[in-house]
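For the sequence shown, position 102 matches number 105 in my numbering, and the numbering has no gaps at all. In this text, a Cβ means the ideal position worked out from N, Cα and C, and glycines have one as well. Shown next, in structure tokens, is the structure this report addresses.
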Amino acid sequence: MGHIVRYLADFGWTLADVPAGRIAMLVAARNAAPYVEGLEIPIASQADALTGPALAEQETRELEELTAYCDRWLVSRLPTDEMDVSQAESIEDLPRIFPTQWLLEEIQPAMFYSKFAGTELLMPVWQRPTRAPQDAADSVHRRDLVETSAPADVSKQHAYVLLDTSRTMNDHDRRGSVARGLALAFLLNGRHQRARLNLRPFTSGVGDLSSGTTKEDLQAIAERVLGLPNSGQTRIQAALEQAVADIRQSGPCLRADILLITDGISRLSEKPLGEERLHTFLLGDMREGEGQAGTVATLREWSVSFHRIWTNRFAEILGPTLEDIEAAQEALDRLIDSYHDGPSAAVRSGLDRALENVRCLLREYRRSLGKVSPVPSEAADLEARLREAEQVIGAMPAAASVAEQEASACDSLQLSLAPVSSGPGDMPAHARGLWAWLRRIAVRAWQRTIRQCRRLVRRGRLRKRG
Numbered sequence: 004m005g006h007i008v009r010y011l012a013d014f015g016w017t018l019a020d021v022p023a024g025r026i027a028m029l030v031a032a033r034n035a036a037p038y039v040e041g042l043e044i045p046i047a048s049q050a051d052a053l054t055g056p057a058l059a060e061q062e063t064r065e066l067e068e069l070t071a072y073c074d075r076w077l078v079s080r081l082p083t084d085e086m087d088v089s090q091a092e093s094i095e096d097l098p099r100i101f102p103t104q105w106l107l108e109e110i111q112p113a114m115f116y117s118k119f120a121g122t123e124l125l126m127p128v129w130q131r132p133t134r135a136p137q138d139a140a141d142s143v144h145r146r147d148l149v150e151t152s153a154p155a156d157v158s159k160q161h162a163y164v165l166l167d168t169s170r171t172m173n174d175h176d177r178r179g180s181v182a183r184g185l186a187l188a189f190l191l192n193g194r195h196q197r198a199r200l201n202l203r204p205f206t207s208g209v210g211d212l213s214s215g216t217t218k219e220d221l222q223a224i225a226e227r228v229l230g231l232p233n234s235g236q237t238r239i240q241a242a243l244e245q246a247v248a249d250i251r252q253s254g255p256c257l258r259a260d261i262l263l264i265t266d267g268i269s270r271l272s273e274k275p276l277g278e279e280r281l282h283t284f285l286l287g288d289m290r291e292g293e294g295q296a297g298t299v300a301t302l303r304e305w306s307v308s309f310h311r312i313w314t315n316r317f318a319e320i321l322g323p324t325l326e327d328i329e330a331a332q333e334a335l336d337r338l339i340d341s342y343h344d345g346p347s348a349a350v351r352s353g354l355d356r357a358l359e360n361v362r363c364l365l366r367e368y369r370r371s372l373g374k375v376s377p378v379p380s381e382a383a384d385l386e387a388r389l390r391e392a393e394q395v396i397g398a399m400p401a402a403a404s405v406a407e408q409e410a411s412a413c414d415s416l417q418l419s420l421a422p423v424s425s426g427p428g429d430m431p432a433h434a435r436g437l438w439a440w441l442r443r444i445a446v447r448a449w450q451r452t453i454r455q456c457r458r459l460v461r462r463g464r465l466r467k468r469g
């Protein structure tokens, strides 16, 4: 699969294009690729053309009068048939947490109150529905079968991601980065399968749909995945119903694969899936002994494939390799050279993002080693290279001042075309300006030569140790 810089190129990105600190999500995408490839989604192909008449669906729209119900959910302190899971945020919420969590308070009170301070204790939220009838009219879409001489176009294939972005899917234990990595890996695989890409984040409601088929569409959807915030609660049923509606509204297709990524369990009712294939990834260490085993069993029954990724696997999925860090460091060195060749605010901004991403890779690598494993000497060399790059970048002048220096040098060079009088024994003013300009060029070339020599020496050391 290659190192992380090569993997970024599949999205049309360089190290400087990735927002600072988001590189861990792309490492997770690269490392989670085997999970997605294990789903065995075939490449879309065009169905054979029919020789005779065929049946095709034709959409019609009718206005129907009906009685609608206005549903509202009221929070209830008494148990009802509708339950959601939330986090205890205040002292008043402590009596409502799940009883099994009080065992931790007896055994490890410090850990219990630490979890409470970090809003990691879970409690049920009972909700009571209210329904009020009202007159309504709706424009109904219907599909009728009509005979046609041409075969229906069923060459489309859907790769649909339902990404849980509720409050519990934040990065307190890195599950948010793992979830986004799975989503990115699935979208990239869907692009390779020539599928139509779809993304809907969901919480208690369903977010906007992002879709497309081109590489530019993949890049735009991936950028949205990297920047999605976390808030709210989890409602899987509404998200599944919306995904199925989106797929069916687009017309016939060869197949549709829906990837559901979540860490929570919410109430499920009627199965909305037909020919659509559901693949579920459940993240984190939520136990099934708190009245949720039935919902997990239902998700297993609905899913073509069902995977649980426990918290102890997160470090493995998020961990970069030494090859990743070395490739990122080389990309950073090239950006430094590019800035010296043509300084600009855009190049400097990309350079700062790349520097922060290399720092992030080194932090993730150390975290993946754990507290017991020693740090390899290759990693120490890469950290030394990073410190050197930080010093070089810190000593760089701002893009505007460098441009002013270049303009001053050009003005001095133009002055050399005009005769200038000077006293005996003094260097002419235009000659002094030309000499300063040549000296800056020579110093810049010498600094680049020194950096390249040091880079070659470090590579030789790494190969010798390898």
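Proximity to R337 [Cα-Cα], best of N315, S308, A392 and A300: Counting from 1 along the sequence shown, the entry for residue 337 is found at position 334. Nearest neighbour of R337 by Cα position, chosen from N315, S308, A392 and A300, turns out to be A392.
Outcome for I444 when other beta-carbon atoms lying within 10 angstroms are tallied against a minimum of 16: Along the sequence shown, one-based indexing puts residue 444 at 441. Per the 10 Å Cβ criterion, exposed.
Beta-bridge partners of G215, as assigned by DSSP: Taking the sequence shown and counting its residues from 1, the one referred to as residue 215 is at position 212. The secondary-structure analysis by DSSP pairs G215 across a beta bridge with L200.
Simplified DSSP assignment, three categories, for C8: Your numbering for residue 8 matches position 5 in the sequence shown. Per the sequence presented here, residue 8 reads as Val, with Cys not at that position. The answer is helix: DSSP assigns V8 an H, G or I state.
C-alpha distance - D176 paired with H343, whole-angstrom precision: Working through the sequence shown from its first residue, we reach residue 176 at position 173. Working through the sequence shown from its first residue, we reach residue 343 at position 340. Their backbone Cα atoms lie some 40 Å apart in a straight line.
Cβ-based neighbour list, A32, same chain, cut-off 6 Å, excluding 5 preceding and 5 following: Counting from 1 along the sequence shown, the entry for residue 32 is found at position 29. Hits under 6 Å: G184, L187 and A188.
Residues of its chain near S169, where Cβ-Cβ distance is below 6 Å and the 5 sequence neighbours each way are ignored: Looking up residue 169 in the sequence shown gives position 166. These residues qualify, in order along the chain: T206, G235, Q236 and T237.
Inter-residue spacing [alpha-carbon to alpha-carbon] between Y10 and G287: Taking the first residue of the sequence shown as 1, we reach residue 10 at position 7. Taking the first residue of the sequence shown as 1, we reach residue 287 at position 284. Using only the alpha carbons, I get a separation of about 26 Å.
Assigned exposure category for M28 - 16 Cβ within 10 Å defines buried: One-based indexing of the sequence shown puts residue 28 at position 25. With a 10 Å radius around the Cβ and a threshold of 16 neighbouring Cβ atoms, M28 comes out buried.
Environment of N315 [buried if 16+ CB atoms lie within 10 Å]: Start at 1 with the first residue of the sequence shown, and residue 315 comes out as number 312. Residue burial annotation: N315 is exposed, with fewer than 16 other C-beta atoms found within 10 angstroms of its C-beta.
Inter-residue Cα distance where the pair is S180 and I264: Counted from its first residue, the sequence shown places residue 180 at position 177. Counted from its first residue, the sequence shown places residue 264 at position 261. Distance between the alpha carbons of S180 and I264 is about 12 Å.
N- and C-terminal bounds of the alpha helix (DSSP H) containing M28: Sequence index remark: in the sequence shown, residue 28 carries index 25 (1-based). For M28, the enclosing alpha helix (DSSP H) covers residues I26 to E40.
Candidates D327, F14 and Q196: closest to L257 by CA position: Here residue 257 corresponds to residue number 254 of the sequence shown, with the count starting at 1. The residue with the shortest Cα to Cα distance from L257 is Q196.
Span of the alpha helix (DSSP H) around H310: Stepping through the sequence shown from its first residue, residue 310 is reached at position 307. It is not in any alpha helix (DSSP H) - H310 instead sits in the beta strand (DSSP E) that spans S308 to I312.
DSSP three-state assignment for R280, whether helix, strand or coil: Counting from 1 along the sequence shown, the entry for residue 280 is found at position 277. Of the three classes helix, strand and coil, the one that applies to R280 here is strand, per DSSP.
C-beta contact flag for C23 and R227 at 8 Å: The sequence position of residue 23 within the sequence shown is 20, counting from 1. The sequence position of residue 227 within the sequence shown is 224, counting from 1. With the sequence shown as reference, residue 23 is identified as Ala, and Cys is not the correct amino acid for it. For A23 and R227, no; Cβs fall outside 8 Å.
Supposed contact pair L262 and V30 - C-beta distance, whole angstroms, cut 8 Å: On the sequence shown, residue 30 is found 27 positions in, with the first residue counted as 1. On the sequence shown, residue 262 is found 259 positions in, with the first residue counted as 1. Contact between V30 and L262 does not hold, since the beta-carbon distance rounds to 19 Å and is not under 8 Å.
Host alpha helix (DSSP H) of A398 (start-end): By one-based count along the sequence shown, residue 398 stands at place 395. It spans S380 to A398 - the alpha helix (DSSP H) in which A398 sits, taken as one unbroken run.
For A162, three-class secondary structure by DSSP: Working through the sequence shown from its first residue, we reach residue 162 at position 159. Of the three classes helix, strand and coil, the one that applies to A162 here is strand, per DSSP.
Sufficient close CB pairs (3 or more, under 8 Å) joining the segment 116 to 133 to the segment 203 to 221: At 8 Å Cβ cutoff, the stretches do not touch.
Reference Q388, options W16, A334 and G353, closest by Cα: Counting from 1 along the sequence shown, the entry for residue 388 is found at position 385. The sequence given here places Arg at residue 388; Gln does not occur at that position. Here the closest residue by C-alpha is A334.
Alpha carbon of R451 to alpha carbon of Q332, nearest angstrom: Along the sequence shown, read from residue 1 onward, the residue named residue 451 stands at position 448. Along the sequence shown, read from residue 1 onward, the residue named residue 332 stands at position 329. Rounded to the nearest whole angstrom, the C-alpha separation of R451 and Q332 is 16 Å.
Assigned secondary structure, L338 (DSSP; H/G/I helix, E/B strand, else coil): Looking up residue 338 in the sequence shown gives position 335. DSSP places L338 in helix when its eight states are reduced to three.
Burial state of D340, where buried means 16 or more other Cβ atoms lie within 10 Å: Mapped onto the sequence shown, residue 340 falls at position 337. With fewer than 16 other Cβ atoms within 10 Å, it is exposed.
Closest residue to A36 among E278, P112 and E319 (Cα-Cα distance): For the purposes of this step, residue 36 is identified with residue 33 of the sequence shown, where counting begins at 1. Of the candidates E278, P112 and E319, the residue whose Cα lies closest to the Cα of A36 is E319.
Alpha-carbon spacing of R366 relative to I312, whole angstroms: Residue 366 sits at position 363 when you count from the first residue of the sequence shown. Residue 312 sits at position 309 when you count from the first residue of the sequence shown. Distance from the CA atom of R366 to the CA atom of I312, rounded to whole angstroms, is 22 Å.
8 Å Cβ cutoff met for Y368 and A382: Residue numbering aside, residue 368 sits at position 365 when the sequence shown is read from its first letter. Residue numbering aside, residue 382 sits at position 379 when the sequence shown is read from its first letter. Cβ distance < 8 Å, so Y368 and A382 count as in contact.
Inter-residue CB distance, I250 and E219 (contact presumed, cutoff 8 Å): As a first step, residue 250 must be located in the sequence shown, where it is residue number 247. As a first step, residue 219 must be located in the sequence shown, where it is residue number 216. With a Cβ gap of about 22 Å, I250 and E219 do not count as contacting.
Nearest candidate by alpha-carbon position, reference D174, set N360, F317 and P379: One-based indexing of the sequence shown puts residue 174 at position 171. Among N360, F317 and P379, the Cα nearest to that of D174 belongs to F317.
Sequence-distant residues of the same chain with beta carbon closer than 8 Å to N362, five excluded per side: Walking along the sequence shown from the start, residue 362 turns up at place 359. Note that residue 362 is Arg in the sequence shown, not Asn. The beta carbon of R362 sits closer than 8 Å to those of L389, all from its chain and outside the five residues before and after it, given in chain order.
Proximity below 8 Å, CB of A242 to CB of R203: Here residue 242 refers to the residue found at position 239 of the sequence shown. Here residue 203 refers to the residue found at position 200 of the sequence shown. Contact flag set, yes.
Y116 classed as buried or exposed, judged by whether at least 16 other C-beta atoms fall within 10 angstroms: Locating residue 116 in the sequence shown gives position 113, counting from the first residue. Exposed, by the Cβ-count rule.
Residue(s) in a DSSP beta bridge with D167: Translated into the one-based positions of the sequence shown, residue 167 becomes position 164. Bridge partners of D167: F205.
Span separating the alpha-carbon of R484 from that of Y38: There is no way to answer for residue 484, as the model of the chain reaches only from 4 to 469.
Inter-residue CB distance, L200 and I224 (contact presumed, cutoff 8 Å): As a position in the sequence shown, residue 200 is number 197, starting the count at 1. As a position in the sequence shown, residue 224 is number 221, starting the count at 1. Confirmed, about 6 Å.
Buried versus exposed call for T217 [16 or more other C-beta atoms within 10 Å across all chains shown]: Here the question's residue 217 lines up with position 214 in the sequence shown. T217 comes out exposed.
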